[in-house]
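The block underneath contains the structure these notes are about, expressed in structure tokens.
Residue numbers (this note's numbering): 30 to 594.
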């Protein structure tokens, strides 16, 4: 028992020593940590001298410090303003998104519009070949009819001239290119028959102001008329079947434009950004051409453009006001109709002028001039002043008139003894040829105001009047017949040509014509035809040859005629 008590005392003593050792090491660790956390204060060494400090140095350092802080402040200010702008922009974007339609609905509309346009284009591409074939078929029919009439007229002129020359020469054998058989004799008889029928029709209608040779002689035989009409009706019947298997939404111009008008009203900005106004003329071109297959602007009572369904539909579309707000001030759809006319109508008219128009036909020329005047004056083509289509049309019209002057004008010259008898064949033929050339002159002058004035004056005055008509007038004795011809010539001259002439002299191209009038006046005055003399002087006054009239009055002491100047 003694040993066990000693062991317990030994164990307790060991535990007490261990606890003291642990406690001592903990206190040592805490003191070391405390010394590390507290910085060692530098000891002041009084032997070291500090730099001198004054007020300027302190002020300078404070100023630098303030400047640096101000720079930092400005940078923060700019950053703040940028953040505020971003906030405002975000607010506006939120407002626009809140105002706009639902994105899903917008996507649905655009997707439907894309599908519709693709189907429309595919449909028109498929039908385009048929439209081209039909349009060409009608144009070929009209061209063949025009060429047939032109060839017949030229052949009859050639045969009649050879026949008259044959009779005048007194030769038993016909000249080269003259009559060589019953066929050509029959042609002359048919020509005279048509001339007689026209004369009877004019007498029945009371038309007095007409001369032989002023008719176009474009009548066809009943068989030719029947064949032409039958072929044309077949083409027109086929044209009505082009879109018979197409839904109205894809062939009715009005319904097509309503689709695009809906787009414009809902999303005007995207509509303008897509340049729809530039695409519509080309898109509508096949549909308009189908409606124009039976349109012939050279015929009497042809349908005006303003009366056609496609014109009214495009006009209504262009004039429709956009109720939606748009950032654009101008309406690009105002250019749709001018572009349609420029890209579709003018090329078609040019084709008519090139292959169908007869410059010798007054009715065709008047209709063509009226149509061109209506297009160029009432319908503003486009904002582009230099219209290529208009220039092509004018050039083609001038080219056709030049060709007609070269090929259709022929005025034979016979001895005065031969044509003195007005009932003679030579005199009648010469008169017909003069009035035919005069008719071409009056038709050419109808283009004044549309074709450039210099070109019209060159064709009408230099080439027709001075080269052909004046030569016949110089070989016609002064009298009623000569005065009537001169009256007709002066009457067809445009009055505006003489409005700005202030020198007392006429146009340079009319100098020879005025000399002829002066010579006629002298001859008539010597023969004591005072009324006819006065009439000739009035013609000189109309063409502003005032110096010529004054000299004549002074030469012959006709003071009572000064009032006409």
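Cβ coordinates follow ideal geometry from the N, Cα and C atoms, glycine included. Bear in mind that the values here come from a model prediction, so they are computed numbers and not experimental data.
Contacting residues, own chain, Cβ-Cβ under 8 Å from residue i (five flanking each side not counted)
| i | result |
| --- | --- |
| residue 156 | 271, 272, 275 and 315 |
| residue 549 | 507, 511, 512, 515 and 565 |
| residue 329 | 392 and 396 |
| residue 134 | none |
| residue 259 | none |
Bounding residues of the alpha helix (DSSP H) (the contiguous stretch that carries residue i)
| i | result |
| --- | --- |
| residue 256 | 251-268 |
| residue 300 | 297-302 |
| residue 457 | 454-474 |
| residue 320 | 305-320 |
| residue 140 | 132-198 |
| residue 554 | 540-555 |
| residue 343 | 338-348 |
| residue 586 | Neither: residue 586 is in no alpha helix (DSSP H) and is coded neither H nor E. |
| residue 595 | Beyond the ends of the chain as shown, which are 30 and 594, falls residue 595; an answer cannot be given. |
| residue 448 | 445-448 |
Proximity of residue i and residue j at Cβ, strictly below 9 Å
| i | j | result |
| --- | --- | --- |
| residue 385 | residue 163 | no |
| residue 305 | residue 348 | no |
| residue 401 | residue 471 | no |
| residue 291 | residue 403 | no |
| residue 497 | residue 448 | no |
| residue 458 | residue 189 | yes |
| residue 372 | residue 310 | yes |
| residue 509 | residue 436 | no |
| residue 501 | residue 527 | no |
| residue 569 | residue 547 | yes |
| residue 478 | residue 525 | yes |
| residue 434 | residue 473 | yes |
| residue 253 | residue 182 | no |
| residue 375 | residue 418 | yes |
| residue 429 | residue 367 | no |
| residue 533 | residue 579 | yes |
| residue 293 | residue 138 | no |
| residue 313 | residue 150 | no |
Simplified DSSP assignment, three categories, for residue i
| i | result |
| --- | --- |
| residue 580 | helix |
| residue 480 | strand |
| residue 201 | Summary for residue 201: the model assigns pLDDT 47, below 50, so the residue's position carries little reliability, and this model does not support an answer. |
| residue 502 | helix |
| residue 508 | coil |
| residue 388 | coil |
| residue 327 | coil |
| residue 566 | helix |
| residue 523 | coil |
| residue 515 | helix |
| residue 115 | helix |
| residue 427 | helix |
| residue 359 | coil |
| residue 51 | helix |
| residue 414 | Below a pLDDT of 50, predicted positions are generally treated as unreliable, and residue 414, at 45, falls in that range; the measurement from the model is reported next regardless. Coil, per DSSP. |
| residue 489 | helix |
| residue 278 | helix |
| residue 376 | helix |
| residue 273 | coil |
| residue 80 | coil |
| residue 38 | helix |
| residue 574 | coil |
| residue 537 | helix |
| residue 393 | helix |
| residue 333 | coil |
| residue 558 | coil |
| residue 594 | coil |
| residue 285 | helix |
| residue 528 | coil |
| residue 101 | helix |
| residue 419 | helix |
| residue 405 | helix |
| residue 248 | coil |
Cβ shell of residue i (< 6 Å), same chain only, five flanking positions each side left out
| i | result |
| --- | --- |
| residue 487 | none |
| residue 574 | 535 and 543 |
| residue 167 | 264 and 322 |
| residue 490 | 538 |
| residue 143 | none |
| residue 590 | 582 |
Cβ shell of residue i (< 7 Å), same chain only, five flanking positions each side left out
| i | result |
| --- | --- |
| residue 196 | 454 |
| residue 517 | 467 |
| residue 327 | 381, 385, 386, 393, 396 and 397 |
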